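J.:
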Ligand SMILES: [Zn+2]
């Protein structure tokens with residue numbers, strides 16, 4: 003019996019050694035398999051903003067990213083690493099190339115990062131820079147949390163209008179947002195801009211609360227007709243979170259067509275590593291999502307279906323477009339994969355699920 007156990011031990015050691023050897027080789031093989039050739043971080047949004055089209059001001063996330071890249075060149079490397087991790091995670095989810103079906107079966111492709119299944123719970127801290135002319139009430143805040151929960155759990159009533167072409171692509175992201183705290187600070191500032199001053203007490207704002215474990219939402223008068231902006235994964239922790247204009251938080255009549263809480267849904271999409279659905283460039287510049295059609299510009303208002311650009315029908319009802327709040331009502335499965343990836347092992351927001 004001992005002899006048999008000993009033999010097993012030898013085999014086990016040999017197996018482990020073999021595994022270790024193969025692990026040493028795997029990263030290079032994996033690197034070769036992940037195509038990063040289309041990755042980009044810099045965009046021309048600043049140039050388009052200079053045009054007479056004021057509607058470009060809706061979301062400033064890409065122009066803020068351009069600024070942060072200029073201030074901190076290493077950000078590009080961090081975002082590249084996050085994107086590579088994301089693509090590795092998504093590639094691992096595909097059944098092809100892994101005949102055994104399991105991540106570790108049959109000596110096929112290397113195992114992808116371990117995913118996080120089930121509901122992801124995000125505690126939220128709302129930081130309000132109060133402007134008496136643009137009040138932000140507890141009711142606005144509560145309705146915003148409810149809208150985020152509807153949108154990230156596929157409970158937006160608008161989904162009943164999704165065209166058959168996109169019906170099978172609608173994702174239930176299964177992310178739950180829970181309001182943890184509201185911080186308020188009176189301010190006479192009526193135009194905060196997009197330089198992150200609202201996120202720093204040293205500049206009159208409110209410091210972030212533990213950004214590795216809380217989604218911070220700053221609410222203030224941004225100015226310039228801007229609805230909001232977000233910081234992508236990879237940026238500085240001190241400024242991590244999203245900023246929403248006072249009139250556009252939750253159900254708010256002052257926000258008009260943008261007064262139904264979807265600015266936050268869009269910005270939290272960026273915070274979870276989603277790009278604009280048209281890819282912030284021409285037809286060939288992608289949003290890194292396979293199941294969203296190519297497009298060359300944002301859509302505005304409430305487009306009719308089909309809206310054709312780049313020889314395909316735009317998914318205008320996607321939260322990552324620029325349409326009116328009531329005209330956006332879906333994330334796609336491919337977008338959901340990207341969001342899940344950052345909570346997977348080694349993901350940039352893994353701390354939220356640990
Ligand atoms: Zn945006």
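Numbering (this note's numbering), first residue to last: 3 to 356. Built from N, CA and C at the ideal position, the CB exists for glycine as well. Only a predicted model underlies this, so the values are computations on that prediction, with no experimental measurement involved.
#1: Cα separation between residue 51 and residue 307?
#2: With DSSP as the reference, label residue 213 as helix, strand or coil.
#3: Name the residue from 80, 285, 138, 243 whose alpha carbon lies nearest to the alpha carbon of residue 272.
#4: Please output, in chain order, the residues near ligand 1 using a CB cut-off of less than 5 Å to any non-hydrogen atom of the ligand.
#5: Can you give me the C-alpha to C-alpha distance between residue 54 and residue 60, rounded to a whole angstrom?
#6: Where does residue 304 fall in DSSP's three states?
#7: Just mark residue 89 as buried or exposed, buried being the case when its beta carbon has 16 or more other beta carbons within 10 Å.
#8: Relative to the C-alpha of residue 266, which residue among 228, 132, 186 is closest?
#9: Could you tell me which residues DSSP pairs with residue 310 in its beta bridges?
#10: For the segment 143-150 and the segment 200-212, state whether three or more C-beta atom pairs, one from each stretch, are separated by less than 8 Å.
#11: Hey, which unbroken runs of the beta strand (DSSP E) at 3 residues or more fall wholly within the segment 220-305?
#12: For the alpha helix (DSSP H) containing residue 141, list its first residue and its last residue.
#13: According to DSSP, which residues form a beta bridge with residue 132?
#14: DSSP on residue 332, reduced to helix/strand/coil?
#15: Report yes if the C-beta distance between residue 179 and residue 246 is below 7 Å; otherwise report no.
#16: Opposite residue 183 in the DSSP bridges: which residues?
#17: Over what stretch of residues does the alpha helix (DSSP H) that includes residue 167 continue unbroken?
#18: So, at 7 Å on beta carbons, what are the nonlocal neighbours of residue 292 in its own chain, with the 5 sequence-adjacent residues on each side left out?
#19: Please determine, among 240, 234, 281, 256, the residue with the shortest C-alpha to C-alpha distance to residue 208.
#20: Could you spell out the range, first to last residue, of the alpha helix (DSSP H) harbouring residue 364?
#21: Leaving out five residues before and five after residue 40 in sequence, what residues of the same chain have Cβ atoms less than 7 Å from its Cβ?
#22: How would you write the range of the alpha helix (DSSP H) that residue 351 sits in, first residue to last?
#23: What does a CB cutoff of less than 7 Å around residue 36 pick up in its chain, not counting 5 residues either side in sequence?
#24: For the putative contact between residue 302 and residue 66, defined by C-beta atoms under 8 Å, what is the C-beta separation to the nearest angstrom?
T.: Put simply:
#1: Unreliable placement is indicated for residue 51, whose pLDDT of 47 sits below 50; the coordinate value is still reported in the next sentence. Rounded to whole angstroms, residue 51 to residue 307 spans 27 Å at the Cα level.
#2: coil
#3: 243
#4: 61, 63
#5: Its pLDDT being 42, under 50, residue 54 is placed unreliably in this model, and the coordinates cannot settle the point.
#6: coil
#7: buried
#8: 228
#9: 315
#10: no
#11: 230-232, 244-247
#12: 140-153
#13: 188
#14: strand
#15: no
#16: 127
#17: 166-169
#18: 336
#19: 240
#20: The question about residue 364 has no answer, for the chain in this structure spans 3 to 356.
#21: 288
#22: Unbroken run through residue 351: none, as it is neither H nor E.
#23: 86, 89, 90, 93
#24: About 21 Å; that fails the 8 Å criterion.
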